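Numbering (this note's numbering), first residue to last: -10 to 193. All residues carry an ideal CB built from backbone N, CA and C; glycine is no exception. Just so we're clear, the structure is a prediction, and the values are computed from it rather than from any experiment. Have a look at the structure below before the remarks.
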Amino acid sequence: MEYTFWDYVALAVLLIFWNLFFTAHTTGSAEQTPTDSSASRGDAGSSPGMMANESLATILSRIWAMPGTGNLESFLAGARQAYETIVTAFASGDVSGCAGLLGGDVKRVFAEVIAGRQARGEQASLTFIGWQAAEVVNAGLAEGRVWIDVRFVAEIVAAVRDRDGNVIAGDPERVAKANEIWTFERQADSGSPGWTLVATDSAE
């Protein structure tokens, strides 16, 4: 099966970017994009996330009290950096440098999408312009894991070209808005500050 950014980034793409990139490949079967993470996301905390009768602020306070989790400001700074690093690497076709930031399912889908793009002789480009928003919208603790949903609204310039250099998706001259929710997860008992991306979804 081929994967396309738009089908899942209609979940939002990793962005409008995902959306742009993979709309081009509607060759009979929809291509999935890395942004749809319903599978891994469901494991991480599918119910409304907030535990019964607990506010988001209360849950976050419990998370920040755990060793190695830091605080809201440091978490969001790291999440923004991870977002920019991951989407740029994905567009370049080489995510080896950020593999440690990706959960197993996300890593697998990224690899499949990149392999399909290379097989078709396509080249993707993405320029990160800046942020409109980055905010925590949900969080939870379940089965020894901690997860946090972050809504990202970013401005990007993205395009995909075929083997002849023709633009088949996106627009290299236009700034687009990506509006997505990414789910980051870590072990609750880990003293390591590391979070991994386990799911992406559209915020629209």
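- Compare the Cα-Cα distances from Leu61 to each of Asp138, Thr77, Glu144 and report the closest residue. Its Cα nearest to that of Leu61, the residue Asp138 stands out among Asp138, Thr77, Glu144.
- Task: Out of Leu115, Pro56, Thr58, Ala104, point me to the one whose CA is closest to Ala158's CA.
- Result: Leu115
- Query: Taking contact to mean at least 3 C-beta pairs separated by less than 8 Å, is the region 165 to 183 in contact with the region 121 to 139?
  - Reply: yes
- Task: In the DSSP assignment, find the unbroken beta strand (DSSP E) run with Glu73 in it and report its ends.
- Result: Element bounds for Glu73: not the beta strand (DSSP E) but the alpha helix (DSSP H), 61 to 81.
- Does the beta-carbon distance from Ile260 to Leu186 come in below 8 Å? This structure cannot speak to residue 260, because the chain is shown only from -10 to 193.
- Check whether the Cβ atoms of Leu65 and Ala122 lie closer than 8 Å to each other. no
- Item | Top-ranked residue by Cα proximity to Val146, from Val125, Glu73, Pro56, Arg152 | Answer by Cα proximity: Glu73.
- Query: If you draw a straight line from the C-alpha of Val149 to the C-alpha of Ala165, how long is it?
  - Reply: 14 Å
- Measuring CB to CB, does Phe141 end up less than 8 Å from Glu162? no
- Item | Val102: first and last residue of the uninterrupted alpha helix (DSSP H) it sits in | 93 to 108
- Return the bridge partner residues of Ser114 from the DSSP annotation. Ala148
- Query: Gln107 and Gly82 look like a contact to me (Cβ under 8 Å); what is the Cβ gap, rounded to whole Å?
  - Reply: 7 Å
- Message: Can you tell me whether Ser44 is helix, strand or coil according to DSSP?
- Response: coil
- Task: Report yes if the CB atom of Phe99 is closer than 8 Å to the CB atom of Leu90, and no otherwise.
- Result: no
- Task: Under 8 Å by Cβ, that's how I've got Phe117 and Ala78 pegged, so tell me the actual separation to the nearest angstrom.
- Result: With 8 Å as the limit, Phe117 and Ala78 do not qualify as a contact, their Cβ atoms being about 11 Å apart.
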